[in-house]
Amino acid sequence: MKIQSFEHFVIRFIIYYKKKGGKMNIWILVFLIFTQWEYTRDTIDLVIPPGKIVTLNSDAHKTQLDSMLSLKIPAWIKDKLINKLEDLEMEEIPDSVMDFTINKERKLVYITPKGLYSEGKLVTPLRHPEYYRLGVSGDYLVKNTGEVIDLQGRKVAEILPEVTDFLINRGNYLFVKDKRLLKKQKIYFLDKKISSFQIENVVSIAGFNNGLLIFTQDGIYRSQKGHFIRILPLKIQAQKLRVILNHEGAIERIIYLAKGRLKSFSVNTIPLITLNTSNQFMKISPSHGFSLAFRNKDTLIALDNGLILSNLKDTLMQTDAYPIIKVYGVDSDGLMDILIGGKRGSIQIRYGNGRDTTINLQSGQYSSPTVFNGHIVTGALDGKIYGDPLLKNIDVGSSSVPACYDFNRDGIDDIVIGNQDGKVYLYLSPDYSDGIFLYDAGELSRPVIHDVDADGLPDIVVTNVEGKAYFLKNYGNLRFVETASFMMETEEFKDLSNRYINQGMPVRIRTGKIYVDKLLELLKSCDSKIIDEVAFSIAYMPSEVLRAMIKMGNIDLLKLNAESIYRMADITPYAKIIEAENYTTIVYDSVDTLPYLDYYFYVVHPRILYEIPARIDVSFWDKPPSYYGMSEKEWLKYSKYQIYRKNGQFWRLYWENYDPLLNLIKKSRTLLETAKNIHQYFTWNRENAIMRFGYLTQDLQPLLIWAKKYGSCGEQSILLASIARTALIPIYVVTDRGEDHQWNEFWYQGTWHHWDLNMKKGIDNPSASAEGMKKNVSSVTGWRPDDHLFDVTSHGYTETGLLKITVLASNNIPADGALVVVRSHWNNRNSVAIWGYTNENGEISFNLGYEPLGYTVEALSPLGIAGISNLFLNEHDTVEITLKLPLEFRQEIPTSFKPDSLKLVKGELFIKVPDFITGAPYRIINSYIRDTVKYRGTGIKKIKIANLSNTIFTMVHGKTAIFNPYILSWMRLSLEITRKYRRKPPKINVVFDTEKPYFQGDKIKFEIFAEDEAGIRAVYFSNDGGKRWQKIGSGNHMIFQWNTSSGGPIPPGPYKILFKVRDKSNLETISDTLKIELLPQNFFKDQLVYQDNPEDTIPDASWIYGPLFLKDTLRFVLITTNSTEKGLDLDLFLIRDKNGNLKVDSKKEIIAKSTSPTNREKIYVNFLPPGVYWIYAQGCTVEDHGPKKFDIKFSFKVNKNMEIVDYGY
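The numbering of the sequence shown is the numbering used here, which starts it at 12 and goes up by one.
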């Protein structure tokens, strides 16, 4: 009897054993029962959007690319590489969209000048697409005449002309015309039964199960009991909007069309778009400075024009110009008195009982009175304090404005003083010496002390001549930090928000297979020595840069770049490449091993800063300005010459053949000596220098900088990085953004060292590039080729203090993923010094140098903006600040539990934002890059902000799920799941077309279905009845194509096809034998050829047919090729084995060839003698290195033994 399962086996065994009279040992029975169970541990990879719940899927980590990458690439690179290729598959829709919608299947349908598309595929060509609009469902189109048609072009109905959006629902037509929502109830003809809804400025509409959504210029409305209620404020310039709803009917994502581009955003990022950018504590008028006083619940404001207001608006009095007011109980009657100083120098006292008097405490102008220890003192124009001998030594320079309070609680008032320069100082009793600097408020600072937030601690409010007020919150221990005063200007806010979460992310669809195919073909063409370098360059290159390189025909540079490194290693006396098991690196000077990541990033990587690695033609600048009749400035700034050309050069390949550099390298014994020789040769800061220094250019391409022999510190650092990397010196670019200087750091003897080509003593002299330039240094950052920023300030450039920032929602929930920007006020600027993103606790820290003019700190989140206009940090100090955003974050946390079968192996939080610098095409203004390549910058990138050590498990419809509680952060998790299952072999079923005849050279498609409780570990393929197996992938379902002509056709004849699946417990099942007869043919279409080496014909042909056996003389042989592909030059060879060893040995064995400069080749030979033959089709010139398709035809066929059969042409 056939055994059906393990349980069946146990039962049969017990019956058989008892029949034989045996006694069953209970432990044997237990063993037999329980050994049918097995436990397996699988790893599940999940990505969970912010605020979402995702159920577990055991196949969530499977990818078709995983099976395609069967190349010998280190696992740590391969994981990143697969993520990169998956990202490249998702391509932004071209910026020529005319209309769009989301259909019932949640697919994107849109119209472009070419016609109607669905998810990237052309559905219906349209002759005049500008005349059509898509309805909400995507099933119908409306012409500008009002005619409604279905996707097959059949007329369905007729409505009003010039409709911009419409919805068909149960015989009713809702449509938008002239920004109004209209309703029509009869179909097929126009009538007058059209009613208008009372809602204006309608952009578009959407229907859903629970009602109607209306998009207007000021928000989204939902229909409810015959009325429309605004459910979401949203101000955005759009031609049309659509929504994607979740299973509960709530809005999950909004997609909109603007200026031909589709963008989308999730609901949790919407507040950012509509947010008011002003958090300012107080702003009276941009044309007036003012001083403040607080009287009970009233606020008195004295404007510089002499007008004093009560309650922020009511006129109290008119007095002298530039009044300074204070409110105190000067006398003993318990009433609040007002002190008023002014331009004339006298002090007016307005008592609470209505009596006025005037006193003088100083002989000069501009008095600023206050009450000190119960009596009046005053500041003056000369910067001193008059009215008390304790204060006689205080001098703040000019225009002293005092305010008093006993901060140190010794029973004697302390004094806070502002001055003309905007500085605010605190002088403490009893000696009032060495004022403590508190703040810089801009010109003419005027402090007042008041417990603004009613927390029991007196705060300081400072006003200035511009009409701004700054609130310095008292945190105790004499620590005052600006909190609510921050205001971001409108243009500044727009710029910063576009660098963070601009108005929607570009909509992407899976149309980028061409990019993946190009990269996979490139990887397959690499030998094992360089494949890790090429794979790393792909994995750690921004996706949009890779797309641009492919479009420009420059992707082969990744391979040429890696090959150059090994050639240079052969001539550098100080560098030796080491191939380890899982990585490659370099040993310098025989003793110093470079960390392998530094090797890949700073020696191998072909991208230096923000540029697109490309071939550059700079021949225009080979001739001087006079040749073109230009001034030098015009010549340097000339931008109309197209530098991106296929005949151009790449920097590493250029420098590799630049003799002066090679001579410098060869004569150097050590890495450091090489660096010094390079510095001496290329610096502009020497006599008879080759390079020149100037600020007229902002070039990014090293060879363009070199062609002009000109540039500022930025260009000099880019040029040096290209030269040093060619010389195998690890190097990157560093920048002091806040104070505007750029140089390099290079690695030797285990650490990173300063290198500034702009300095005579520019090596290992960090102060020369920092404080040696008479600049304060805020922050120095390095730049990695994948656009990662890292702090190197501690590398000897300046002493630093630590700034710790916490960003919270208004209800004290940590704001994860908030963008925090620190700006330096050096030279009275407000320049970006450094930036970063808060972690899961809303925290971020920066090491900053001392900046005497202070810093601005900006925090931006979907919950709003917050910041500090003027923060000061001393070296070696630690300052902790908390920034509160204006909006709340409320998230309903689902019921959680801890599953025994799940374990978090690895978790991280990341955000998706535009790169702060390169998200737009920074300094790349070339029209070819913009209009042809359509490069818009590196776009959206994933930035890791934290590691995760725990997560929230919950249940959804009986299934285990994970909840992401964060505001902006995505969760990437690797979970280990332990599963119990019965040991039994997996099941497999293979489907293919058995009726179709198959010919030699065909691609035969198989669909494989596998099933197993333990999970499928691997799927294998064999075409020889199981003698040899090839792993083709993993997972429960896959499509496999057997290419019977990869690199040349296989022999015709019968083949026994088998598939094998192996589960996680290593049990295997082999499919039934599939018998396929490959029929012979003499015409092969769509064969693939790559760029071969035409200098070495015999071993280097990417298409080979043979060996072919000819027993008798053949009357003639005719072989022809043809192709419709552009950029393909084929060469064709007929080779005969002359020494009987069944292999091709040399060019002498070629008996016929055709090598015209085209892809149309022909070989004709009369009376071909018996022997063994091969046919080689070689890619002599293959644009972009291929592959390219060609057709080849023979005057003969072969049998299953590859014996030539006379057939005729």
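All residues carry an ideal CB built from backbone N, CA and C; glycine is no exception.
Short Cβ contact (8 Å threshold) for residue i with residue j
i	j	result
I1061	Y1009	no
Y866	S842	no
T389	I426	no
I1015	V518	no
P1198	K952	no
Y585	R490	no
T965	T906	yes
L898	S821	yes
P469	V412	no
V788	V803	no
S1056	Q1098	yes
E141	M109	yes
Y621	Y933	yes
P1105	D1142	yes
N776	T811	no
V916	T54	yes
N1000	I1027	no
Residue i versus residue j - alpha carbon distance
i	j	result
G828	E854	9 Å
M499	V832	12 Å
P624	F661	8 Å
G149	F900	35 Å
E1172	D1140	9 Å
F612	I542	15 Å
T522	R558	12 Å
P606	W763	12 Å
I927	I734	First, the residue type needs correcting, since residue 927 is Phe and not Ile in the sequence shown. Whole-angstrom Cα-Cα distance: 27 Å.
N364	Y339	13 Å
Y232	E211	11 Å
T285	A870	For T285, the predicted structure reports a pLDDT of 49, less than 50, and the residue's modelled location is therefore unreliable. A value from the coordinates is still provided. Approximately 16 Å, taken between the alpha carbons.
D421	D348	26 Å
V944	E555	10 Å
V924	T849	13 Å
A550	L673	31 Å
Residues sharing a beta bridge with residue i, DSSP
i	result
E136	A small correction: the amino acid at residue 136 is Pro; Glu does not occupy that position in the sequence shown. G126.
C415	I426
I963	F974
K337	L350
K1067	D1035 and K1086
F757	I742 and H764
Residue i in three-state terms, based on DSSP
i	result
F1207	strand
C537	coil
I104	coil
D1195	helix
E1018	strand
L162	coil
W632	helix
L223	strand
P624	coil
Y526	helix
V1216	strand
M784	helix
M579	helix
Any C-beta of chain D under 8 Å from that of residue i
i	result
Q373	The structure shown contains no chain D; it is built from a single protein chain.
Go through the stretch 638 to 703 residue by residue and report every complete run of the alpha helix (DSSP H) that reaches 4 residues or more, in order.
-> 643 to 648, 662 to 667, 670 to 677 and 682 to 693
Which runs of the alpha helix (DSSP H), 4 residues or longer, sit entirely within the stretch 706 to 733?
-> 713 to 719
Go through the stretch 807 to 883 residue by residue and report every complete run of the beta strand (DSSP E) that reaches 3 residues or more, in order.
-> 811 to 819, 830 to 835, 842 to 848, 854 to 860, 866 to 872 and 875 to 882
In chain order, which beta strand (DSSP E) runs of at least 3 residues are fully inside the stretch 874 to 944?
-> 875 to 882, 889 to 895 and 913 to 925
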